[in-house]
Amino acid sequence: MSNAATFDTRTETAIPVESPLAYSYRRSGAPQAGGPSRLQLRERAMLGHLILRGGAIVLDEAVRDVLGLNLPGQPQTLVQDASGERSIQWLSPDEWLVIVPGGEEFPLETKLREQLGSAHFAISDVSGGQTLIELSGEAARELLMKTVVYDVHPSHFPVGKGVTTVFAKATTILRRPSEDRWELVIRRSFADYCYRWLLDAGAEFGINVQQ
Amino acid sequence: MQRYSGFGLVKHALSHHENWERQWRNPTPKKQYDVIIVGGGGHGLATAYYLAKEFGVKNVAVIEKGWLGGGNTARNTTIVRSNYLWDESAALYEHAMKLWEGLSQDLNYNVMFSQRGVLNLGHTLQDMRDIQRRVNANRLNGIDGEVLDAKGVQELVPIMDCSASARYPVMGASWQPRAGVARHDAVAWGYARGADAHGVDILQQTEVTGFKIRDGKIYGVHTNRGDIEAKTVGCVTAGNSSVLAKMGGFNLPLESHPLQALVSEPIKPILDTVVMSNQVHGYISQSDKGDLVIGAGIDGYNGYGQRGSYPTVEHTLQAIVEMFPIFSRVRMNRQWGGIVDTCPDACPIISKTPVKGLYFNCGWGTGGFKATPGSGHVFAASLAKGEMHPIAEPFSMFRFHSGALIDEHGAAGVAH
Amino acid sequence: MSQSKQQVYRLNTGGRIDRSRTLSFTFNGQRYQGHPGDTLASALLANGIDIVNRSFKYSRPRGIVAAGAEEPNAIVQLGSSEAAQVPNVRATQQALYDGLTASSTNGWPNVQRDLMGLFGKLGGQFMPPGFYYKTFMAPASMWLTYEKYIRKAAGLGRSPMEADPDNYDHFNQHCDVLVVGAGAAGLAAALAAARSGARVMVADEQEEMGGSLLASRETLEGKPADQWVARVLDELASCENVTLLPRTTANGYHDHNFVTLHERRTEHLGDTAPVENGHRQVRARLHRVRAGQVILSTGTHERPLVYAGNDVPGNLLAGAVSTYIRRYGVAPGRKLVLSTSNDYGYRAALDWKEAGCKVVAIVDAREVPAGDWVDAARAQGIKIITGCAVIEAKGSNRVTAARVAKIDIEAFKVTGPVQELACDTIASSGGYSPVIHLASHTGARPTWRDDILGFVPGLVKGVQACGGANGCYALGDVLAEGVEAGIKAAAAMGHAVQTVTLPSAERLQQGPAVALFQVPHEKPTLRGPKQFVDLQNDVTAAGIELATREGFESIEHIKRYTAMGFGTDQGKLGNINGMAIAARCLNRSIPEVGTTVFRPNYTPVTFGAIVGRHCRDLFDPERYTALHQWHVERGAEFEDVGQWKRPWYYPQKVNGKTETMHEAVARECLAVREKVGILDASTLGKIDIQGPDAREFLARIYTNKWEKLAVGKCRYGLMCKDDGMVTDDGVTSCLAENHFLMTTTTGGAAAILEWLELWHQTEWPELDVYFSSVTDHWATMTITGPEARKLLAEISDLDLDRDSFKFMDWRSGNVAGVPARVYRISFTGELTFEINVQANYAMHVWQTLFKHGEKYGLTPYGTETMHVLRAEKGFIIVGQETDGSVTPEDLGMQWAIGYDKPYSWIGKRALTRSDTKRENRKQLVGLRPKDPKVILEEGAQIVFDPNHAIPMPMVGHVTSSYYSPILDSGFALAVVKGGHQKLGETVYLPMADGQTFEAEIVSTIFYDPKGERQNV
Amino acid sequence: MFYIYCPYCGEHREEEEFHPKGQAHLERPKEPEACSDEEWGDYLFFRDNPRGVHHEMWVHAVGCRKFFNVTRHTVSYEILETYKMGEQPSITADSQSQAREGAAVSQQEGVRA
Ligand SMILES: Cc1cc2nc3c(=O)[nH]c(=O)nc-3n(C[C@H](O)[C@H](O)[C@H](O)COP(=O)(O)OP(=O)(O)OC[C@H]3O[C@@H](n4cnc5c(N)ncnc54)[C@H](O)[C@@H]3O)c2cc1C
Ligand SMILES: NC(=O)c1ccc[n+]([C@@H]2O[C@H](COP(=O)([O-])OP(=O)(O)OC[C@H]3O[C@@H](n4cnc5c(N)ncnc54)[C@H](O)[C@@H]3O)[C@@H](O)[C@H]2O)c1
Ligand SMILES: Cc1cc2nc3c(=O)[nH]c(=O)nc-3n(C[C@H](O)[C@H](O)[C@H](O)COP(=O)(O)O)c2cc1C
Ligand SMILES: [Zn+2]
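Here is the structure:
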């Protein structure tokens, strides 16, 4: 077990929680397209987010054993399990983002730490600090073109890719888990700005927010 | 020198403008001068002018690789003010300001120095603390200035958005009424004409390619038009100063960055003060032709290409539209870039160097236009006497060894 | 001939306008009609409007001269309401729409009868270039007054006085091949590239794609060329890999093939964007394109000839005359004289004749013109006068005659008698200039080609020019060049091209053109009537000549002295002529003189389009904590700290009156000192640091020591840059032997994380340590004050006993049922617990604290109160007490410097430089105003001798100053020269209003000097 | 605006994702305390700042957060190569032919005409 402190920030008790977009829904609402919508937005709140740092060689086996996923060694890759509920994404040569269903992050961290023993690595729980926004619909790509500087053309951004890039004047992690779905991982403190941006830029497509 | 006046203009008009003299000669380089100034920008030309006029050194050449005044002098947003924070820089810029105030008459060339006042906006509490600190210091240094609140700003510039609902509401500003703008090209031309009239040779399209140094002393320069000798050489080459220092065998604490500016199409007069903001990061004035002259931020990378990056221009216009939402439909006509030589403490270098007889006046970075007369004057005094002028003394390049920096980042603020 | 009463110059047939529909518009208050497909310019011409504007300097009447982006004169103000004003619209590029409202930008009282024009006529000769520099100098004090009058004449259109109702948008685009200009060359290139499967974008500035083919006499495959255009556009439109952008101007070409395209989406529909599906469309969209390869197929600009009176309305470009006839069904006059130096110009005469109007004569500067179009003109019976040129246009509000004479170009002389030909229109053609502007934006210099008498673009990596833009003019060759460029570009991006069969073009015989720029006049240039080079800025050939006489020999000097090319057309029409005239005066060749630098924008772009969505509410992100909603509802005033919105203070309503900040802060301060307050401290930067070398890393980054910090303990740390100046501070806690949590200042968080990575990645990669930002993950709630323990005890399972949970310890447990890490650190000097929970739970914990806190007087406080409380304790704020020139020793924080650490930590070496060792550096002290009612001004300067003359030696300044409610007096922190040795001495603070305050130098700690309160 | 190949991400990315960090290959003196004031000042402040081929450090700030080196021409702005931290450049001012550099300089620096 590595010589680091672990801490389960979640509780089993039923306590009201507020996702990073809670304030934004109250402030800006959740627009519903009157007619057919070309664009849907959905927050997937309260997931478990872990930042994994270490050498690929150090982490690879543990990740496979504990998470059942291959550590993506290639830049810009995103790997998911069959259900699509658990994913691991390359962020840098020694950094990965793991997203799992809410509540799984602490057991996962504990198991990884056990497995990795005294190796040099780091795991940081950032579940409270970011949220995941899902975009779908035929206009999703156009909305992204208005928003991120990265090339989101399918020939350049196939399913299974993920990048960190510029989102308007903030940053985002952008991933494409499936043909018709894009995911944005947004930092909590910027979430309202990003949400307002997406509503504004998405208005012409009749953006539909599913809460 | 042919004197200029309204009366003279009428006379010339009646003779179909056929009798205007050249404003400066295009002389053949001599073999030898008493002093060589490298760099025919505003500062270099001013140095030569004062050398010849005030310090009696008339055998002077200004060597300019392109067209005179074509460097940053041709590219700046022409803001002139003297409200710097620290005593050393306040003395330097105020020295320049006093010279500005009589410059057109001194040169017999209207440099259109327009003292329409400069506002430095504050948008945060720390901005306001800094503004108060600077204005207080200015006052005790004998420099005009006052602190305005948001209402005062709004009265001065009714078209600005001073509302509380702005992203970064205006909390107040510093206001220097004697500050303003001048016609940048005319400054170079006026000095060139004045220097030429006092016998200075201005050698354009002549590039210094190396120094002639013996026993640690300079005795001339190599140029693309042959060697020229002088025992005193002053380099006033702004963005290219590091390149020249290398020729002299040393480095300078400088980095040359692109700095951009842009103008709108000309519109009817609407803004008659200069407005600058550090926080939203932009600054603006309106020229006598009607175009809005807007300064952008500095690009972070080194560059000698007189071009910068597009996002810098975007950010600048965002700032301008944030301050002046009514300008959203005004169009940007042209953008350009200069090469600014930035110093770690945002103050210039006016200094002796490791090579005897070789002096540098550089590091003015994003804000040296306003200093042109003062810089030229103190540098000329230093070259003439071989001893640094007291106002120039603190700006030695060796302050970066002792640590006695003069940190003007706050007052220098946005690039100007 | 006229179709409607007003449209006197409208032809009955021809053009691409829709005569079945009529649009009405107003110009200078008069109503007129036009048709869909018109530009404002073609509609004005159709209605016989000669004068569209007054010139800038001389106020001369001006008419339309061109049909595209190069138009200098027809600059109008658009807008039917105040907010919808659009200044400086080029009528030749503005599509006509129903209800369009336009007016001239200059002219007083109106553009027809302008009083300034009189001044221009009389005074013109008193305004040579540079006349300002020579006058208005005496007396010195008068310049501001003179300037006021000079400024009155400034500007073209006017800014709206209301905020823009429209929205603008950006699209980040990436493509393999960007084709700029969709004329023959561009369409051929696009077709080739598209068929390879490459991602292709095609932009053209005009309403319709096709470029000059839309108005061409030439045929392709024996059919009118526009049929081929339509076919190609159909094919391109059907390709998924192709994006077609009409009405889209490539306005800037930046480094590494980054090109901005300005798409005008609604300007052809109205002055305000229409609403569609309840949503206002974006008025303009700026495409930020990163292209693999760029093809510049931007065609050419025709050069007018420079002759006397060439600015009188009725003087047009030959090509523009053709365009108006063939594309818009307008013949802008009845009787034409054509002055040309080349074969191309002849087409205008042929088109004019075909339109049923009279061609008085073609005046050709060449002795023996020969070529297919020349023959065609002869065959039509058009009179051709050779070896001659129009040397002067007569007329004031409209051309009435052309003065024609034999000229000797070499000798620059009129050599024969002058004949006057009555006419109302003079068209001129001096040849073509390839559109090199975009290529110039990259910094590449154009090169002169004698064979085409023009500059062709200099090129950087990944760009090709083809067709007119490359100096290639024969239609067959243009198409071939286009295809070749398309194939090459696609191949460079790894795409192979299938076959492209070119349509057959006519092979026309053309005679060589002659180099004619300025037409000689009987009088020398300086004495003759004005010959205009740059129409918008009233730059004349005489002005250029005068500039060269005065020593302005560089073309860049000439530009700046005369203002040539400074206008909104950026010299598209006049620059090359100006250069040629300068070359003549200086006795140099044109390439020796060179061009001025073309810069973005190709044509002007609204600020709004460049700003896009980054304005108003979206100008800059606002960062919120998890508790933001609560603060808003509680009526907090917010302070901007970096991008964060932090509660500044919480004014309450007391007896129906809202507290002032002073009152609110006093109340909040006392609540903390006497009961308990709570602060949302979530914005502090938090960095999770893990690894066996974490401790050593900290010791190198911070000035103080970290070896002995035990698990469960916290320590304050100070960070310097390597110049020894303080740059950040904060508390770092030891979570486990290899695990630390660093906090940074709110504003410094991102920079400090990058700073840590920098040192780790570049200098000390051997240290095993990782950093991750956890700023947003944790919400931090600081409860502070004597009642803090009691309050926390009520809702937490932590052992809060003072001996088991000591000052500078941290513990974990549950707070309000939520797992929390609690830190016993204090920025107020009071008993403090900083509760950290996962941010999603923060609101619950905060509310629970309030549920229980009421009885203890729990009071929310903001940053202002926080600042007062910390200043009472002498705690610094980096950025307020420090300004980048302050060392830890200057702050009196020797206790936080570990000189004897085994590492040369960052900043250490610099602290022993001669200047940093100096005795009389400015040092942090406390100031107690002699009059306790006085609150010194922050930023007030400190002097030892207030009676000293100005400049008065200053020895420091006030960094922080507040009223202390607990001390009931003002107090301040300040830096003072040698201050640490001057406790007890008096200093003076001379203020702007003439008052001078006195203060005593005291310790920086004003309250609870022994620090007992935080230890209870 | 630059298009920069990040050697860690293995792709070209927009300049907006990066921050320039000044001259590359600056090494902090191993024993700072042994440095004279002059040597320390040189390390802190004095820079090469060449007109021509320049080695500089950038960080992929909005991306992999890695620092790396760029060899770039400071007049043409052409990026000649990028390489990881700790590696040495394969292109230097000396390895570039004088002619090529000269051409780029006079082509793109506008001061001359
Ligand atoms: C966009 C922009 C906006 C600015 N705005 C302001 C402002 O509002 N207010 C303000 O005060 N300042 C401003 N500045 C800064 C100001 O322009 C400069 O500090 C000032 O003009 C420097 O003048 P100079 O004479 O030293 O340099 P320059 O005018 O650059 O002159 C240096 C000359 O040296 C020549 N040279 C270089 N190398 C050689 C060689 N080897 N041989 C011969 N000659 C050589 C160059 O060709 C050049 O002409 C701005 C700068 C820019 C770029
Ligand atoms: N002007 C003339 O009349 C003239 C002169 C010589 C040759 N020609 C003929 O013209 C053809 C040459 O074709 P070409 O394709 O080279 O030129 P072209 O003039 O037909 O097309 C160029 C197109 O580029 C557009 N354009 C220019 N700058 C632009 C920018 N910055 N952004 C967007 N669009 C821009 C123009 O509006 C035009 O539509 C041949 O048929 C040739 O015979 C015509
Ligand atoms: C204060 C100021 C005002 C300017 N106004 C205009 C203008 O109205 N129109 C214009 O085309 N350029 C204007 N310029 C820009 C010049 O055309 C030119 O871009 C600048 O001097 C840099 O030179 P370069 O672009 O030739 O490299 C202005 C420049 C300055 C410094
Ligand atoms: Zn990267």
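Chains as they are written, first to last, in the numbering used here: chain A, 240 to 450; chain B, 599 to 1014; chain C, 3 to 1018; chain D, 87 to 199. We treat Cβ as the ideally placed atom computed from N, Cα and C, and that holds for glycine. The model shown is predicted, which means the values in this text are computed figures rather than measured ones.
Boundaries of the beta strand (DSSP E) in which residue i is found, first to last residue
i: Gly161(D); result: Position check: residue 161(D) holds Val in this sequence, whereas Gly was assumed. Premise fails: Val161(D) is in no beta strand (DSSP E) and is neither H nor E.
i: Gln466(C); result: Val465 to Ala467
i: Cys150(D); result: Note, Cys150(D): premise wrong, no beta strand (DSSP E); not H, not E.
i: Thr914(B); result: No beta strand (DSSP E) contains Thr914(B), which is instead part of the alpha helix (DSSP H) from Tyr908 to Met921.
i: Arg420(A); result: Arg420 to Arg426
i: Pro767(C); result: No beta strand (DSSP E) contains Pro767(C), which DSSP labels as neither H nor E.
Nearest neighbour of residue i, chosen from the options [CA to CA]
i: Pro93(D); options: Thr157(D), Cys121(D), Ser181(D) and Gln182(D); result: Thr157(D)
i: Ala982(B); options: Lys651(B), Met599(B) and Ser883(B); result: Lys651(B)
i: Arg114(D); options: Tyr129(D), Glu103(D), Ser122(D) and Arg137(D); result: Tyr129(D)
i: Arg137(D); options: Lys116(D), Val148(D) and Tyr163(D); result: Tyr163(D)
i: Ala386(C); options: Val339(C), Arg400(C) and Phe640(C); result: One point to set straight first is that residue 386(C) is Ile, not Ala, in the sequence displayed. Considering only alpha carbons, the answer is Val339(C).
Within chain C, partners of residue i - CB distance below 9 Å
i: Asp685(B); result: Pro953, Pro955 and Met956
Contact list for residue i against chain A, beta-carbon separation under 8 Å
i: Lys152(D); result: Ser331 and Pro332
Per-residue contacts from residue i into chain C (C-beta, under 7 Å)
i: Ser258(A); result: Asn842
Contact list for residue i against chain D, beta-carbon separation under 8 Å
i: Thr764(C); result: Met143, Phe153 and Met171
i: Leu760(C); result: Lys107, Val145 and Phe153
Partner residues on chain C for residue i, Cβ-Cβ distance less than 8 Å
i: Arg114(D); result: Asp724 and Glu765
i: Ile635(B); result: None at all; the shortest Cβ gap to chain C is about 19 Å.
i: Cys121(D); result: Arg911
First and last residue of the uninterrupted alpha helix (DSSP H) at residue i
i: Lys919(C); result: Ser916 to Lys919
i: Glu353(A); result: Glu344 to Leu355
Short CB-CB distance (under 7 Å) between residue i and chain F
i: Lys574(C); result: Absent from the structure is chain F; the protein chains it does hold are A, B, C and D.
Original post:
Per the contact definition of three or more C-beta pairs closer than 8 Å, is the region 496-504 of chain C in contact with the region 353-360 of chain C?
Top reply: Judged by Cβ distances under 8 Å, the region 353-360 of chain C makes no contact with the region 496-504 of chain C, as fewer than three pairs qualify.
Original post:
Counting only runs that start and end within the region 760-804 of chain B, where is the alpha helix (DSSP H) found for 4 or more residues in a row?
Top reply: 782-795
Original post:
Quick check: the region 624-639 of chain C against the region 599-607 of chain C, are there 3 or more CB pairs under 8 Å?
Top reply: no
**OP:** Quick one: which unbroken alpha helix (DSSP H) runs of 4-plus residues sit fully inside the region 247-297 of chain A? Chain order, please.
**Re:** If we require 4 residues or more, the alpha helix (DSSP H) runs fully inside the region 247-297 of chain A come out as 261-267.
Subject >> Inside the region 876-941 of chain C only - beta strand (DSSP E) runs reaching at least 3 residues >> reply: 924-931
**OP:** Determine, using beta-carbon pairs with one atom in the region 740-755 of chain B and one in the region 905-913 of chain B, whether at least three such pairs fall under 8 Å.
**Re:** Not touching, per the Cβ criterion.
Original post:
Could you give the uninterrupted runs of the alpha helix (DSSP H) lying entirely in the region 493-570 of chain C, keeping only those of 4 residues or more?
Top reply: Here the runs fully enclosed are 543-551 and 557-564.
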